[in-house]
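> This is the structure I have questions about; it appears just below.
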Amino acid sequence: MLIEVDNVTHIYNDENNVTALKKINLEIDNGEFIGIVGHTGSGKSTLVQLFNGLIIPSSGAVKVNGKNITDEKTNLKETRRHVGLVFQYPEHQLFEETVYKDIAFGPKNLGLSEEEIETRVNEVMGLVNLDYEEFKDRSPFNLSGGQQRRVAIAGVLALKPDVLVLDEPSAGLDPQGRKRLADLLRYLYHELEMTLILISHRMEEIAELSSRVIVMHNGEIVLDGSPKEVFAREQKLHQLALDLPQITEIMHRLKDRGLKVETDLFSLEKASEEILNRLRGCEKC
Ligand code: ADP
Ligand code: MG
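In our numbering, each residue's number is its place in the sequence shown (first place is 1) plus 1.
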């Protein structure tokens, strides 16, 4: 098992003493693409920061590759190499004077050779679609917001993690930026066989990309299943004030009005095919 969260409760020790996570049990396997959804304040960011030891829970245990990382003796540097975390608005943490140096920062800390570092920077800039020659010497502060975010993601990818965790990576991006990001995540998952954990408010994104969806509410996991299973729980999601993917919502409304369509569809192509088939009265298609 890649990540095991065992009966974890986390209370932030400040004047509010918020219980951000309540007795969470969760197992994540290699090769999964986990989508995490839930309202603001439901505990999503707290949960994922357990995975690389950034947050040590008030009680319970977290294991990564079988190693208990809540144990003080565990080398967290090693864990952070395996579990790469892209924070919300990661571009706020860029600080070096060139794109190259920013991306090279992590690999340098790992003590890699200059040559290996250069190879990695080149490779990950290619992955995030930033031309190496054109961008390597530029200041990250003179780039567009979308480009800055790609630099920040490249910096985490340069550590070659087995698991990539992204906290709301599409927040604030335009449709083109979102598509580019979705393409990158698909590539990392399908071609590079990374395990991915994605927090997002965009149900479309979650439904289309992930293999498993986790819904959080008030520090608890309230739904956990395949996108089909989770988005079939229309009433439960509405009760939690969460949206269905837009396409799925439309299919539900058509069904309510008497068109006998399947509702567990998430992409525009599949949905339009289904609608056309039903309108043509094709029972077998
Ligand atoms: P989400 O990512 O789903 O919005 P969070 O994990 O950020 O949820 O927050 C869960 C709860 O913990 C919220 O009530 C939030 O206010 C609180 N919280 C989050 N981070 C901190 C922090 N650093 N200090 C104190 N309370 C926090
Ligand atoms: Mg958050």
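Backbone N, C-alpha and C define an ideal beta-carbon position, used for all residues, glycine too.
Between MET2, ASN219, GLN177, ILE215, which lies nearest to PHE232 when the distance is taken from Cα to Cα?
The residue with the shortest Cα to Cα distance from PHE232 is ILE215.
> Starting from the C-beta of VAL6, find all residues in its chain whose C-beta is less than 6 Å away, skip the five residues before and the five after it, and write them out in chain order.
The answer, listed in chain order, is ILE25, LEU27, VAL63.
> Does the beta carbon of MET217 fall short of 8 Å from some heavy atom of ligand 1?
Yes; taking the cut-off as 8 Å, the Cβ of MET217 has a heavy atom of ligand 1 nearer than that.
> Answer yes or no: do GLU206 and GLY36 have a C-beta to C-beta separation smaller than 9 Å?
Yes.
> Going by the DSSP bridge assignment, what does VAL122 pair with across the sheet?
DSSP, once it has assigned bridges, lists no residue as partnering VAL122.
> Mind reading off the beta-carbon distance from VAL152 to ASP103? Whole number of angstroms is fine, and I expect it under 8 Å.
Contact flag correct, Cβ pair sits at about 6 Å.
> Since HIS83 is in the alpha helix (DSSP H), which residue starts that stretch and which ends it?
Run containing HIS83: 77 to 83, per the alpha helix (DSSP H) assignment.
> Would you grab the beta carbon distance between GLY85 and VAL164 for me? Rounded to a whole angstrom, and I think it's under 8 Å.
Correct: roughly 7 Å between the Cβ atoms.
> So for VAL152, helix, strand or coil by DSSP?
DSSP places VAL152 in helix when its eight states are reduced to three.
> For LEU199, which residues in the same chain have their Cβ closer than 6 Å to its Cβ, ignoring the five residues on either side in sequence?
Contacts found: GLY36, LEU167.
> For a minimum of 4 consecutive residues, which ranges assigned as the alpha helix (DSSP H) are wholly contained in the region 174 to 208?
Within the region 174 to 208, the complete alpha helix (DSSP H) runs of at least 4 residues are 176 to 191.
> Residues bridged to HIS218 by DSSP?
BP columns for HIS218 point to GLU221.
> Provide the residue span of the beta strand (DSSP E) that contains LYS256, from first to last.
Where LYS256 is concerned, there is no enclosing beta strand (DSSP E), although the alpha helix (DSSP H) it sits in stretches over 247 to 257.
> Quick one, are the C-beta atoms of ASN249 and ASN31 less than 9 Å apart?
Inspection of the sequence shows that residue 249 is occupied by Thr rather than by Asn. Against a cut-off of 9 Å, the Cβ pair of ASN31 and THR249 comes out as no contact.
> Could you give the residue range of the alpha helix (DSSP H) that holds LEU51?
LEU51 -> alpha helix (DSSP H) spans 45 to 51.
> Kindly list the residues whose CB is nearer than 7 Å to the CB of LEU189, restricted to its own chain and excluding five residues on each side of it in sequence; keep chain order.
Hits under 7 Å: LEU165, MET195, LEU197.
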